[in-house]
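All remarks here apply to the structure that follows.
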Amino acid sequence: MLAPRLYYTPPQRAVYRPDALDAADFARLQRQPHLQSRADWRSSRALKQLLPQPRPPFSLAHRKGHAVLLWGAPCVGVDLEYLQARDFAALLPWFADEAERHWFMTQADKRLAFYRLWTFKEALLKALGADFASLKSLTVATAAPPGLHWQRYAWLLDEHWLVSAVLAAPQALPPPQVIGAASVITLPSF
5 MLAPRLYYTP PQRAVYRPDA LDAADFARLQ RQPHLQSRAD WRSSRALKQL LPQPRPPFSL
65 AHRKGHAVLL WGAPCVGVDL EYLQARDFAA LLPWFADEAE RHWFMTQADK RLAFYRLWTF
125 KEALLKALGA DFASLKSLTV ATAAPPGLHW QRYAWLLDEH WLVSAVLAAP QALPPPQVIG
185 AASVITLPSF
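All residue numbers for the sequence shown refer to the numbering used here, where the first residue is 5 and numbers rise by one.
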């Protein structure tokens, strides 16, 4: 069995091919031609074109022209965020439960802690197909789909991009192979 894969691309390395879009993306581009001028669109669609056929379950995230794509398990979710300063304490009540807020307050690096928590929750949300209204209720205790077990990962890619991934499979899988980043630092997952 192949290890799960996490593909990453910054906008300058994305090899976007409009002729290789899948039917859904082609139709969307016909309705919204301005998408082609967006770096997020080009980067994320370049990564989708790397998926094997038949297409496995996958998850996609993009920000500021950078994109990640995760596949390799029956249930996957990924999120990507640029590490930037924010009013973290003001944002936490919106999406973190009491235990998560307490954990955050004990962390020395607030910026890294915030993005580890945020990206984990958004990756979990994507894996479950949930909506943003349920973000606060999604925690490390959230059950995996029946018959599956969660695995969680976090990385710092190219020094500024925090990526969290969740995978659910019936058995333990090897960690995802990270492809495309110049530097990869494995972090404790949330």
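Positions of the beta carbon are idealized from the N, C-alpha and C atoms, including for glycine.
Using a 10 angstroms sphere on the CB of Ser-141, the tally of other CB atoms stays under 16, which defines it as exposed. Contact between the segment 33-50 and the segment 124-135 is absent: fewer than 3 CB-CB pairs across the two stretches fall below 8 Å. Rounded to whole angstroms, Ala-65 and Val-82 show a C-alpha spacing of 6 Å. By DSSP's assignment, Arg-115 forms no beta bridge with any residue. Bridge pairing for Phe-62: Trp-75 [DSSP]. Here the segment 88-96 makes no contact with the segment 21-31; the two share fewer than three CB pairs at distances below 8 Å. The beta-carbon distance between Arg-9 and Gln-181, rounded to whole angstroms, is 5 Å. This is short enough to meet the 8 Å contact definition.
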